[in-house]
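Take a look at the structure set out below.
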Amino acid sequence: MSSGIREENGQFKVEASLEFCNKTVARQEVLVQKNVSSDIFFYDESGEKEISESPARGKTPVAARTGENRENDYFESYESKLEHSVVVSSERLELSKSIKRELKRVTYLTLKKATGKELPWGMLTGIRPTKIVHEMIEKGHEKSRILEKLTQYFEVSGEKSRLAYNIALVEKPILDKSEKDKVGIYIGIPFCPTRCLYCSFTSNPISRYKDYVTLYLEALSREIEMVGHLLKDLSLKAQTIYMGGGTPTSINSEQLMELLAKTEDVFCDGSLEEFTLEAGRPDSIDGSKLNVVKNSKVTRISINPQSMNKETLNVIGRSHAPEDIIKTFWLAREKGFQNINMDIIAGLPGEDLEMFHNTLDEIEKLNPESLTVHTMSIKRASRLNEYLDDYELGKSELVSGMVDAAREAASKMGMHPYYLYRQKKILGNLENTGYCKPGFECLYNVHIMEEKQTIIALGAGGVTKVVFPEENRIERVFNVKSVEEYVQRVDEMVERKKKLLNQLR
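Going by my numbering, the sequence shown opens with residue 2, and the numbers climb by one from there.
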């Protein structure tokens with residue numbers, strides 16, 4: 002597969018071709034009518050700007066980048082040739098968004114032509130496809146124009162185009178209410194009863210880390226206090242809190258009570274609208290812990306079965322049965338919890354459509370306020386990826402049928418989709434979708450996905466995202482993943498945040 006860009010008479014020709022046995026089997030090319038050369042800035046090896054237009058014939062830039070919002074300092078590899086064409090090479094060049102999109106489009110069209118296959122999300126490869134819809138809504142485009150752009154240009158299927166559009170409509174009022182002085186808070190507890198087969202999160206079996214739990218919680222409490230002081234200095238307030246992991250309820254009742262009390266003392270004032278706790282694993286929840294949570298300011302909990310099939314739970318490394326999930330759910334209802342989310346996964350190893358329907362049937366009987374349907378993705382740091390050949394994963398058609406069945410089940414429970422995101426190596430090139438009953442949208446989920454609000458992450462492995470809306474810029478600060486390192490370096494983690502957050506002044 003080769004692709005490139007050639008400048009001809011002030012226009013850019015973006016082309017891609019697929020070769021097999023030294024023969025071209027498919028080829029596509031598109032002319033970019035808009036002159037976007039002024040969007041490209043060339044840099045020397047030190048990073049200093051050299052020129053701000055296309056290079057002279059024969060000159061090869063060392064690197065280039067645009068002034069657009071970028072989450073990472075990432076450069077794709079290209080090289081400028083005598084004809085100003087651009088091909089994959091060792092030189093580093095990041096093209097403007099317009100040209101990059103055309104390059105992706107012709108590459109997708111070439112592969113589509115060669116294989117006869119179409120992907121549900123077309124040429125889109127990003128995590129957040131709804132961002133494109135929000136951009137078009139902000140520009141005043143009507144629904145018909147947005148759907149046409151998604152299907153005709155981005156090659157997204159009609160079903161997925163409507164899904165993205167409908168979710169954007171649900172998200173828009175939430176995003177419009179976002180205030181400059183409001184932030185989201187994420188607090189991570191990196192411990193679980195056991196590590197699931199597919200998991201790549203910062204999570205450690207609590208039985209092996211007992212000696213570190215107290216030390217970790219002490220360090221986390223310190224970070225909470227220091228970040229609280231920082232927010233006061235910056236006149237920022239928490240709109241949402243999300244306590245995840247890992248499994249926060251894997252710590253004991255007393256530890257959980259102290260953590261919730263500290264969190265409330267520091268972050269919970271009149272501005273807080275939502276507090277989610279990932280109760281997650283039913284084997285980590287009991288009546289005592291539910292009482293602790295109920296007496297706190299938590300407004301939403303998650304009880305996540307992933308599957309309601311015993312054989313699947315054994316395969317993925319869960320030490321509980323479907324009956325435990327049902328028992329825990331009704332215990333939470335008895336304690337007065339009226340906003341419960343449940344997570345399931347489509348495409349788990351060895352599951353067929355009948356087994357997935359069984360999971361959906363059991364969820365319908367429980368009737369939670371929200372349901373998050375994940376599509377199985379093969380994560381680099383997971384045990385599944387390490388031993389991939391040992392497991393049978395569902396084919397695209399099967400997993401697509403599961404996702405369709407989940408959508409129908411959610412609709413039967415009176416739910417609508419309210420957020421979605423995609424991941425690398427996701428089966429069937431599909432998506433993860435959150436469904437909820439009206440009025441039960443998780444504000445934190447919407448904000449973390451659409452990246453319109455600063456999210457401050459505390460704990461090992463936390464990733465803080467600071468949003469600078471006027472500059473259309475997002476900057477990240479990473480906490481160390483290792484529990485041991487976090488305990489030793491927590492002050493450093495706060496200093497990292499402080500340097501970046503001070504730019505919001």
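Heads up, the beta-carbon is just placed ideally off N, CA and C, and yes, glycines get one too.
What are the boundary residues of the alpha helix (DSSP H) that includes residue i?
i: Asn295; result: The sequence given here places Lys at residue 295; Asn does not occur at that position. Taken as a continuous stretch (DSSP letters only), the alpha helix (DSSP H) holding Lys295 covers 288 to 295.
i: Asn131; result: The residue asked about is misnamed: residue 131 is Thr in this sequence, not Asn. Where Thr131 is concerned, the enclosing alpha helix (DSSP H) stretches over 131 to 139.
i: His358; result: 354 to 367
i: Gln489; result: 484 to 502
i: Glu224; result: 211 to 234
i: Asp330; result: Note on residue identity: the sequence assigns Phe, not Asp, to residue 330. Looking at the DSSP string, the run of the alpha helix (DSSP H) that includes Phe330 is 323 to 335.
i: Lys311; result: 311 to 317
i: Ala169; result: 159 to 177
i: Lys263; result: 254 to 268
i: Arg384; result: 384 to 387
i: Arg146; result: 144 to 149
Considering only the beta carbon of each residue, do residue i and residue j sit closer than 8 Å?
i: Ser303; j: Thr360; result: no
i: Leu372; j: Ile364; result: yes
i: Leu444; j: Glu275; result: yes
i: Gly281; j: Thr248; result: yes
i: Val294; j: Leu273; result: no
i: Thr465; j: Val447; result: no
i: Asp344; j: Asn305; result: yes
i: Lys1; j: Leu257; result: Past the boundaries of the shown model lies residue 1; the chain is included only from 2 to 506, so the question cannot be answered.
i: Asn310; j: Met356; result: yes
i: Thr566; j: Asn340; result: Only positions 2 to 506 of the chain appear in this structure, which leaves residue 566 out of reach.
i: Tyr109; j: Glu149; result: no
i: His321; j: Pro350; result: no
i: Tyr564; j: Val484; result: The displayed coordinates of the chain run from 2 to 506. Any statement about residue 564 would go beyond what the structure contains.
i: Asn342; j: Pro323; result: no
i: Leu151; j: Ser162; result: yes
i: Glu255; j: Lys298; result: no
i: Arg209; j: Val491; result: no
How long is the line joining the alpha carbons of residue i and residue j, rounded to whole angstroms?
i: Glu335; j: Gly189; result: 27 Å
i: Trp122; j: Pro130; result: 9 Å
i: Glu452; j: Asn23; result: 45 Å
i: Leu221; j: Ser158; result: 45 Å
i: Glu312; j: Glu393; result: 14 Å
i: Gln489; j: Asn205; result: 17 Å
i: Val144; j: Lys233; result: For the record, residue 144 in the displayed sequence is Lys; it is not Val. Rounded to the nearest angstrom, the two C-alpha atoms are 42 Å apart.
i: Asn507; j: Asp270; result: Residue 507 is absent from the model: the chain starts at 2 and stops at 506.
i: Ile449; j: Ile225; result: 20 Å
i: Asp391; j: Val495; result: 42 Å
i: Arg423; j: Ala165; result: 12 Å
i: Leu260; j: Pro470; result: 32 Å
i: Leu112; j: Leu231; result: 51 Å
i: Gly141; j: Gln153; result: 19 Å
i: Ser412; j: Glu180; result: 32 Å
i: Tyr487; j: Gly462; result: 9 Å
i: Ile326; j: Ser285; result: 11 Å
i: Lys498; j: Val214; result: 24 Å
i: Arg506; j: Arg474; result: 15 Å
i: Lys482; j: Glu219; result: 16 Å
Excluding the 5 residues flanking residue i on each side, which residues of the same chain have their C-beta closer than 7 Å to its C-beta?
i: Phe268; result: Ile186, Gly229, Ala239, Ile242
i: Thr434; result: Val374, Pro418, Leu421
i: Gly402; result: Leu354
i: Ala169; result: Thr131, Val134, His135, Ile138
i: Lys426; result: Ser378, Ile379
i: Asp362; result: none
i: Phe441; result: Asn340, Glu370, Ser371
In the DSSP assignment, find the unbroken beta strand (DSSP E) run with residue i in it and report its ends.
i: Met343; result: 341 to 347
i: Tyr187; result: 183 to 190
i: Val374; result: 371 to 376
i: Gly402; result: Gly402 -> not in any beta strand (DSSP E); alpha helix (DSSP H) instead, spanning 397 to 413.
i: Asn433; result: 433 to 437
Skipping 5 residues on each side, what residues in its chain have a beta carbon closer than 6 Å to that of residue i?
i: Asp212; result: none
i: Ile207; result: Phe192, Ser251
i: Glu455; result: Reading off the sequence shown, one finds Thr at residue 455, where the question assumed Glu. Contacts found: Val184, Val467, Val468.
i: Phe330; result: Ile304, Leu367
i: Gly318; result: Thr195, Cys197, Leu198
Output needed for residue i: all residues of its chain with C-beta closer than 8 Å, excluding positions within five of it in sequence on either side, in chain order.
i: Asp182; result: Ser236, Leu237, Lys238
i: Gly415; result: Lys438, Pro439
i: Gly127; result: Arg423
i: Gly348; result: Thr376, Met377, Leu394, Gly395, Leu399, Val400, Met403, Leu428, Gly429
i: Leu501; result: Thr465, Val467, Glu476, Val478
Report yes or no: is there a C-beta of chain D within less than 8 Å of the C-beta of residue i?
i: Lys105; result: Among the protein chains of the structure shown there is no chain D, as only one such chain exists.
Problem set entry | Any 3 or more C-beta pairs closer than 8 Å across the segment 374 to 386 and the segment 188 to 199 | yes
Problem set entry | Stretch-stretch touch, CB-based, cutoff 8 Å, three pairs: the segment 237 to 255 with the segment 176 to 195 | yes
Problem set entry | Sufficient close CB pairs (3 or more, under 8 Å) joining the segment 424 to 433 to the segment 391 to 399 | yes
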